[in-house]
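All remarks here apply to the structure that follows.
In the numbering used here, the protein residues as written are 5 to 152.
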């Protein structure tokens, strides 16, 4: 307790201070120190909790970025796969169409066999005639075989 002009201690005639004033002052300072220590400890707990929360948030944010990057990769791979699938489906349709066409052609050929007609000109003569025509075409004249 301050007496006058900030003086906390009463003086004694022999020189010194009243013991009770000094003890009261020390106890007040100890209480004030204890209160400040508790406030500081509370602030430190709050700070530690805030740091833990910040670290948890940072970990969550990092995890979310990794998940987002993985999802983007999966989306790209899915689009690539869908393009490949569409190309494969087009190719499959073309093959199926060609397969159907060939099966129909085979079926038509099996149902109506081709009738071979005997040649009206003997094969030997036809081949020789073709040979002569080739000779005429090369030389441009009728040559010695023209009368045949």
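Every residue, glycine too, gets a C-beta built ideally from N, C-alpha and C.
The structure displayed is predicted, hence computed values, not measured ones.
The alpha-carbon of residue 113 is positioned some 18 angstroms away from that of residue 101. The straight-line gap separating the alpha-carbon atoms of residue 33 and residue 26 is approximately 11 angstroms.
According to the DSSP assignment, residue 38 belongs to the alpha helix (DSSP H) that extends over 23-115. Annotation: residue 38 to residue 49 spans about 16 angstroms, alpha carbon to alpha carbon.
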